[in-house]
Structures are given as C-alpha cells and as structure tokens.
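Line by line, the protein sequences are chains A and B.
Number 203 in the UniProt record's numbering belongs to position 203 of the first sequence; there are no gaps in the numbering.
Number 199 in the UniProt record's numbering belongs to position 199 of the second sequence; there are no gaps in the numbering.
The beta carbon of each residue, even a glycine, is placed where N, CA and C say it ideally should be.
To keep things clear, I will list the structure first and then write my remarks on it.
Protein chains: 2
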Amino acid sequence: MRIIKDLEEMQMYSFKTRCRGKTIGFVPTMGCLHEGHLSLVEAAKKKADVVVVSIFVNPIQFGPSEDYKEYPRPLATDKGLLEHFDIDVLFLPEANKITPDNFSSYIEVDKLSKKMCGRARPAYFRGVTTIVAKFFNIVCPDFTFFGEKDYQQQIIIKKMVKDLGFAIKIITLPTVREFDGLAMSSRNQYLSVKEREQAIILYKALCLARQEIESGEKNDHKILLRVRSLIGSVPNIRLDYVVFADPETLDEVKTLRGKILVALAAYIGKARLIDNLIVNAK
Amino acid sequence: MRIIKDLEEMQMYSFKTRCRGKTIGFVPTMGCLHEGHLSLVEAAKKKADVVVVSIFVNPIQFGPSEDYKEYPRPLATDKGLLEHFDIDVLFLPEANKITPDNFSSYIEVDKLSKKMCGRARPAYFRGVTTIVAKFFNIVCPDFTFFGEKDYQQQIIIKKMVKDLGFAIKIITLPTVREFDGLAMSSRNQYLSVKEREQAIILYKALCLARQEIESGEKNDHKILLRVRSLIGSVPNIRLDYVVFADPETLDEVKTLRGKILVALAAYIGKARLIDNLIVNAK
C-alpha cells in the first residue's frame, strides 16, 4: 500500500494509471473505518484495477457548533485495516493543502441540498460537494463508492457529477448494520453504553414505517405519528426529522405509492445519527 | 478541423490525446470571434500539441434582463476563421446537454465574484465558473487561454482552478484593441456608428488614469473625478463603475503604489462594455 500525501503526486499517479489502461476505484472517507467503509473497499477491489482510499476529515462540511475537532481519527488502526485489504493507494492529504486559509470556491447543488439534513446543517452538503469534487480532480477515478446510509449525500453527488460533466460513475452500496440493526457510523463511538442501547430505536422506527407502508397503510400522517411516538418513548433522543420522500428528487411524498425513501435524523447524547430505508408501497 | 458536439466523444478524444503524451490547449469562447479570440488561438497553437476551441453561448451567465437571445452567433464565419487557423477540434455542444432543464449544480468563487462586475451582474461569475468547470471536465485541457479584457473573469477562474485542484494552467493574454484603442468585444457589434465613436472615451479614460497615476499623482479621488468627468462629457454613456484595485485580490486600493488595476464598465446604447489597464504607480 502506497501512501500519498502530495496532491500533484496523486494526480500524476492517477494519470499514469489510467494511461496504462487501468481503471481506478475510489473510496473517499473521513477515516475511523468500520465495516460500512470496508464493504465499499471490497466493492472497489472487485470493480476496478486499482483502488485508492482517501482519509480526510473535511473541515468545511462541519458547522461551527459541530464535531470537527472531536471527530475520531484513529489513523494507525485505519492504516492497518487498509493494509489488510491490500489497497493500492491511501491518499492522505493535509488540511492546509485541501482547504488553505483563503479557500473560497464552493460547489452547491441547489434544491437537493436544502432538504432533509440540509435544514439542520445548512453548509454541510456544500462542504461535501466542494471537497468531493476537489478529490475527483486529484484522484481522477473511473468509479467512486458511497454508502446508502448517507442517502442524501450520494444522491447529491450523483447530481453534481451529472450536471458538471465529471466522467465518473458513482456506485452506492447498501448500509451495513450492527448485529441489532443500528446503521454503522463513525459517530456511534460518541454513544455511551446506555445511549448505544437506546439508539436501536431509530432502526426499529424505520422498520415500523416499512411494515406499515408495505402492508398497505396509505395514511402517511398516521404512520409518521406512530414513528414519532415510538422514538419519543425513549428518553434522551431528540428527533430532527423523519420523512417519506421520493428516492430521486427527495421531495416529500404524501401519496404512498411505489418506491419510497423513509429517512430520519436524531440527536442522541453528543451524536447526530441518520438512517434510512427504501420501501415498496403497494 | 474536427467538429465534436457530443460530450462523451469530446471526453474520449481528450483522454486518448493526453494518453498519447500530447498536451491540449483549450480556448473557450461564446463565438462571434474577433482578433482577441484569435490571439488566444495562436497562443494555444504555440503552447500545446492539440488545440480545442469551444463555441457556446452560456445561458446561465446572462441575467434575466440581459442579452442572451440577441448575443451574436455568426457560426459559419466563426467556423471559417477556425478552419483557417487550422485548429484540431471545434467543440460545439448543444445547450440542452450543457444546461438541461433540471440543471442545479453551481460553482461560486466567494468574494472575488461580488466585486466590480459582480455588483451589476450578481449571477454572472457563478454562471461562468460553473460552465467553465464543466468544460474543463469534458475537454480535460493542460492549458486554457483567456483574454485580459475580462480581467475579473480570469482572476476568478484562476482562483477556482487552484481551490478545486484542477490540473490546468490558465494563461492570460493581453487585450487586443481596435485601431483607436477600443477593446475588442463581440458586444461592440451592438453599437451604432455614433456610439462606436463615443465608445473610445472608455479607453481614453483609462489612459488618463494611467497617465496621472504613473506621473505620481497620489490623490485617487482627484483622478477618479477627472475620469468620471471625462466619461460624463459624452452623452449616451452611463458609467457603471471605475475602480483602482489590487490586481490579485481585486480589493479597491486607496494608496496608489505598485501595480494597480484600473477597471471600468459602462453602458452605451444596448451594450455593456468593460475595459481595464494594469498601471505602475511610482
């Protein structure tokens, strides 16, 4: 596993790789790798000739009151995991090279970025798309892999790739869950033992919505009430949102028909967790 | 000269060209080519192995009350000129492929885009940077050429390229002027014979400022008054702005020292014209 920190070196590596006729699979991460990330690495290894994983905690996707400083950075462990998976390149750029002091160019995907998590985190997706695009320019991948847990993120990145003509295929892989259903997330580390037990209610709430929708319930208000009431029954959890939305446009749907994205975000202790399911209404 | 309209075909052409070890010089234009554009084409031919010129009247850089529909599109003449200059590729994408109906991803360079022309044209630079970046993703040039007449534009594009990690060198070439000093512009076509005569006052005003600054005048207000008064002496011209600015940050300067950008914009009849000079204060 080669470690590259320099932007030009990464660009040159990718250029030479592609000119040799090899495809590049890219997994951008913020580190603190879990099985969700590793499922992306495995998919990249299957799909592409050369696999590049980046670890970079992106400062501009965090709001001023958010957890940029506390975000876990277990670099030695992450390196060991990636060594074990025998990837080709770990791209480890320095923050002052990616977002130097006078950084002032931003990419924003209108509409999609304002919904769902965009409401509570107004600069979040702008920070994601800007830095993901910069990484695309540096890593020049053929394929890039994201997890479905960050459903809104991958939809927004697909839209950016299409709108701005990046020659990159975005591949989304299913959410990986803990034994009890909790979606894997680096932020699960923030949870106390008790909060970790309580957090399972989020997945249970999604499953409740799925069950009701798939069994033919058409009253979205009724289902949402039940979901909110279930989550509300657990102390220390504050629901940010739960929505039924079109999986492509993320517009909220009132009529439960066809494929529906059921997505939620909630605060538990220091953590803000998100999760979602795609369900099939009758 | 090969004409390419399809985005993927252009991308593939560029990829193959670069993998053959050839460099690509790119001249993005809105057509209605004049000697200013052609000086960029000549520079591209000297600098790069393969020259790609695009003609695309970018809808999203025009405001709702601006001249998108009237903008001159003499395509046959343009093609003839480019044939004569023996370029390799004329890239001629269709508007519905570059900015389809649901287009919603935008690149904005903060601060620099708000000054000077950004005040009267709030969505202008966002439209420019978004589409120039898309063309960069499709044409994948090593070098891209812009004219100094659009001084603010090339500064903003350089900033975007640096911030977002595009592996492209931006090369700026001097403004090409008519016999009497008027900066060449496709929009000069909008001028009546009389307005064309009157328009020369803009260059004269810049020369007046240069003369005063270079002869050691330190009172910026006094010079600006004289410049405004000179332009005001011509009927039918409405000055939008005239500024003395730092050539890198575009911040207005009060102390006249070192290199200074003297830039202006003015309305004459149906046209909005811009011009600038870099002057050396004592």
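Could you tell me the boundaries of the alpha helix (DSSP H) in which B/LYS134 lies? Here residue 134 of chain B refers to the residue found at position 134 of the second sequence. Counting along the chain, the alpha helix (DSSP H) containing B/LYS134 begins and ends at 124 to 139.
Quick check on the burial criterion: 16 or more other C-beta atoms within 10 angstroms. Buried or exposed for A/TYR76? Here the question's residue 76 of chain A lines up with position 76 in the first sequence. Correcting the residue identity first, residue 76 of chain A is Ala in this sequence and not Tyr. So A/ALA76 counts as exposed.
Between which two residues does the alpha helix (DSSP H) harbouring B/LYS162 extend? Here the question's residue 162 of chain B lines up with position 162 in the second sequence. 151 to 163 is the span of the alpha helix (DSSP H), which, as asked, contains B/LYS162.
What does B/ASN137 touch in chain A if you count any residue whose Cβ is under 8 Å from its own? Locating residue 137 of chain B in the second sequence gives position 137, where the first residue counts as 1. The answer, in chain order, is LEU164, GLY165, PHE166 and ALA167.
Any residues in the region 94 to 107 of chain B with a beta carbon nearer than 7 Å to a beta carbon of chain A? Which ones, in chain order? PHE103, SER104, SER105, TYR106 and ILE107
Per-residue burial, A/THR255 [other beta carbons within 10 Å of its own, 16 or more giving buried]: The count along the first sequence starts at 1 and reaches residue 255 of chain A at position 255. Exposed, since its Cβ has fewer than 16 Cβ neighbours within 10 Å.
Top-ranked residue by Cα proximity to A/ILE3, from A/LEU90, A/LEU33 and A/ALA48: Numbered from its first residue, the first sequence carries residue 3 of chain A at position 3. Among A/LEU90, A/LEU33 and A/ALA48, the Cα nearest to that of A/ILE3 belongs to A/LEU90.
C-beta contact flag for B/SER105 and A/LEU164 at 7 Å: Locating residue 105 of chain B in the second sequence gives position 105, counting from the first residue. Locating residue 164 of chain A in the first sequence gives position 164, counting from the first residue. Yes. Within cutoff.
Nearest residue (CA-CA) to B/ARG238, options B/ARG126, B/SER185, B/ASP101 and B/GLY269: One-based indexing of the second sequence puts residue 238 of chain B at position 238. Checking every option, the nearest Cα to that of B/ARG238 belongs to B/GLY269.
Could you compute how far the alpha carbon of A/ASN280 sits from the alpha carbon of A/ALA209? For this step, residue 280 of chain A is matched to residue 280 along the first sequence. For this step, residue 209 of chain A is matched to residue 209 along the first sequence. Near 11 Å, if we compare the C-alpha coordinates of A/ALA209 and A/ASN280.
Quick one: does B/CYS117 have its CB under 7 Å from some CB of chain A? By one-based count along the second sequence, residue 117 of chain B stands at place 117. Chain A, which has no Cβ nearer than 7 Å to the Cβ of B/CYS117, makes this no.
By the criterion of Cβ-Cβ separation under 7 Å, what are the contact partners of A/LEU7 in chain B? Counted from its first residue, the first sequence places residue 7 of chain A at position 7. The contacting residues are GLY165.
Cut-off 8 Å between Cβ atoms - residues of its own chain near A/ALA123, not counting five sequence neighbours on either side: For the purposes of this step, residue 123 of chain A is identified with residue 123 of the first sequence, where counting begins at 1. ILE60, GLN61 and GLY63.
Starting from A/PHE15, follow the alpha helix (DSSP H) in both directions and report where the run begins and ends. Taking the first sequence and counting its residues from 1, the one referred to as residue 15 of chain A is at position 15. First-last of the alpha helix (DSSP H) with A/PHE15: 7 to 19.
Are the C-beta of B/GLN11 and some C-beta of chain A separated by less than 7 Å? Here residue 11 of chain B is taken as the residue at index 11 of the second sequence, counted from 1. Taking Cβ atoms only, chain A reaches closer than 7 Å to B/GLN11, which makes this a yes.
Check whether B/VAL243 and B/ALA265 have beta carbons under 7 Å apart: Against the second sequence, residue 243 of chain B aligns to sequence position 243. Against the second sequence, residue 265 of chain B aligns to sequence position 265. In this structure, B/ALA265 does not lie closer than 7 Å to B/VAL243 by Cβ.
Mind checking B/VAL27: buried by the 16 CB within 10 Å criterion, or exposed? Counting from one through the second sequence, the residue named residue 27 of chain B turns up at place 27. It is buried - the Cβ of B/VAL27 has at least 16 other Cβ atoms within 10 Å.
Between B/CYS32 and B/SER192, is the Cβ-Cβ spacing less than 7 Å? On the second sequence, position 32 is the one that residue 32 of chain B refers to. On the second sequence, position 192 is the one that residue 192 of chain B refers to. It is not a contact, given that the beta carbons lie outside the stated cut-off.
So, are the CB atoms of B/SER44 and B/VAL50 less than 7 Å apart? The residue given as residue 44 of chain B occupies position 44 in the second sequence. The residue given as residue 50 of chain B occupies position 50 in the second sequence. Checking the sequence, you will find Ala at residue 44 of chain B rather than Ser. No, these two residues do not count as a Cβ contact at 7 Å.
Could you check if residue 327 of chain B is buried or exposed, using at least 16 other CB atoms within 10 Å of its CB as the buried criterion? Residue 327 of chain B falls outside the range modelled here, since chain B spans only 1 to 282, and no answer is possible.
In the DSSP assignment, find the beta strand (DSSP E) that holds B/THR29 and state where it starts and stops. Translated into the one-based positions of the second sequence, residue 29 of chain B becomes position 29. Per DSSP, B/THR29 belongs to the beta strand (DSSP E) from 24 to 29.
Consider the Cβ of A/CYS19: report whether some Cβ of chain B lies at a distance smaller than 7 Å. The count along the first sequence starts at 1 and reaches residue 19 of chain A at position 19. Taking Cβ atoms only, chain B reaches closer than 7 Å to A/CYS19, which makes this a yes.
Measure from the alpha carbon of B/VAL109 to the alpha carbon of each residue in B/LYS97, B/VAL139 and B/LYS162, then state which is nearest. Here residue 109 of chain B corresponds to residue number 109 of the second sequence, with the count starting at 1. Checking every option, the nearest Cα to that of B/VAL109 belongs to B/LYS162.
Using a Cβ-Cβ cut-off of 7 Å, state whether B/LYS22 counts as contacting chain A. By 1-based counting over the second sequence, the position of residue 22 of chain B is 22. With 7 Å as the cut-off, B/LYS22 does not count as an interface residue toward chain A.
Give the secondary structure of A/ASN58 by DSSP, where H, G and I count as helix, E and B as strand, and everything else as coil. Within the first sequence, numbered from 1, the residue matching residue 58 of chain A stands at position 58. In the structure shown, A/ASN58 sits in coil (DSSP, three-state: anything other than H, G, I, E or B).
Hey, does A/ALA245 have any beta-carbon neighbour from chain B nearer than 7 Å? Indexing the first sequence from 1 puts residue 245 of chain A at position 245. With 7 Å as the cut-off, A/ALA245 does not count as an interface residue toward chain B.
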